[in-house]
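Novice: Those letters in the sequence shown? Residues 164 to 316, per the working numbering, in order. Built from N, CA and C at the ideal position, the CB exists for glycine as well.
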Amino acid sequence: MTFLFALFLIVLFALCACRGCSERIKVWVGKISQKIFWNTQLRFIFEVYLELAVTSFIKLRLLAQQGTVLENASDKIDLAVFVVALLIATITPLFLAIFVYLKREKFNEERYRMNFGSIYEGIDLENQHAVYYMLVFTARRLFFAFVIVFLPS
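1) Applying the criterion that 16 or more other CB atoms from any shown protein chain within 10 Å of the CB defines a buried residue, is Val247 buried or exposed?
2) From which residue to which residue does the alpha helix (DSSP H) around Gln229 run?
3) With three or more C-beta pairs closer than 8 Å as the rule, is the segment 259-273 touching the segment 235-251?
4) So, for Phe279: in the same chain, excluding its five sequence neighbours on each side, which residues have a beta-carbon less than 6 Å away from its beta-carbon?
5) Indicate whether Ile286 and Tyr296 have their beta-carbon atoms separated by less than 8 Å.
6) So Val312 and Arg224 are in contact, right, with Cβ under 8 Å, and what is the actual spacing, rounded?
7) So what does DSSP say about Gly285, is it helix, strand or coil?
8) Output yes or no for whether 8 Å exceeds the beta carbon distance between Leu259 and Thr203.
9) How big is the Cα-Cα spacing for His255 and Ile208?
10) Rounded to a whole number of angstroms, what is the C-alpha to C-alpha distance between Leu233 and Lys222?
11) Give the straight-line distance between the Cα atoms of Gln291 and Arg304, rounded to the nearest whole angstrom.
12) Rank Tyr212, Lys239, Phe306, Lys194 by C-alpha distance to the C-alpha of Met277 and give the top, closest one.
13) In whole angstroms, what separates the C-alpha of Phe309 from that of Ile282?
14) Going by DSSP, what residue range makes up the alpha helix (DSSP H) through Asn278?
15) Tell me the rounded alpha-carbon separation between Leu314 and Tyr264.
16) So for Pro319, helix, strand or coil by DSSP?
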């Protein structure tokens, strides 16, 4: 599933790069990105969030114990991927809190729902506290990953 998602994103980014080539490609990419682009990325991040946080914390713990040794290009790529994954894992709850707070009035707009509906899908929007469910969801997973990796056995 992850492979198919990555393949889909590569094709979509390739189409975005070629959108100046043809008016037909430009219209097609616009329709795709308008309907599923952000929802797909957000859904993917929520689905793999726990695994991303655990692997980031494991790598952080290994780097703290062994130190950083950059012997070849693969070590540099590994470190770059780790930094990006750690940033995504730690910033996501804060980003969600700010985003939901700033955009809470737009929750009922159709265009907004098409782009960012996965943040509050299945949540009672009348309850102000329920809107922050995804913040609690990701923060709880981040805490769980931290406990799994750093709590002494």
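Specialist: Judging by the given coordinates:
1) Taking all protein chains shown into account, Val247 has fewer than 16 neighbouring C-beta atoms within 10 Å of its C-beta and is therefore exposed.
2) Element bounds for Gln229: 201-229.
3) In short, these stretches do not touch, since the Cβ pair count stays below three.
4) Excluding sequence neighbours, Phe279 sits near Trp201.
5) Yes, these two residues count as a Cβ contact at 8 Å.
6) Taking a contact as a CB-CB distance under 8 Å, the pair Val312 and Arg224 counts as one, their CB atoms being some 6 Å apart.
7) Secondary structure of Gly285 (DSSP, three-state): coil.
8) The answer is no: Cβ separation not under 8 Å.
9) The question names His, but residue 255 is Thr in the sequence shown. So the two alpha carbons sit approximately 9 Å from each other.
10) Their Cα atoms are separated by approximately 14 Å.
11) Using only the alpha carbons, I get a separation of about 22 Å.
12) Nearest C-alpha to Met277 among Tyr212, Lys239, Phe306, Lys194: Lys194.
13) Looking at the backbone, the Cα of Phe309 and that of Ile282 are separated by about 23 Å.
14) Under the DSSP assignment, Asn278 falls in the alpha helix (DSSP H) whose first and last residues are 273-279.
15) Distance between Leu314 and Tyr264, taken at the CA atoms: about 32 Å.
16) It is not possible to answer for residue 319, since the shown part of the chain is limited to 164 through 316.
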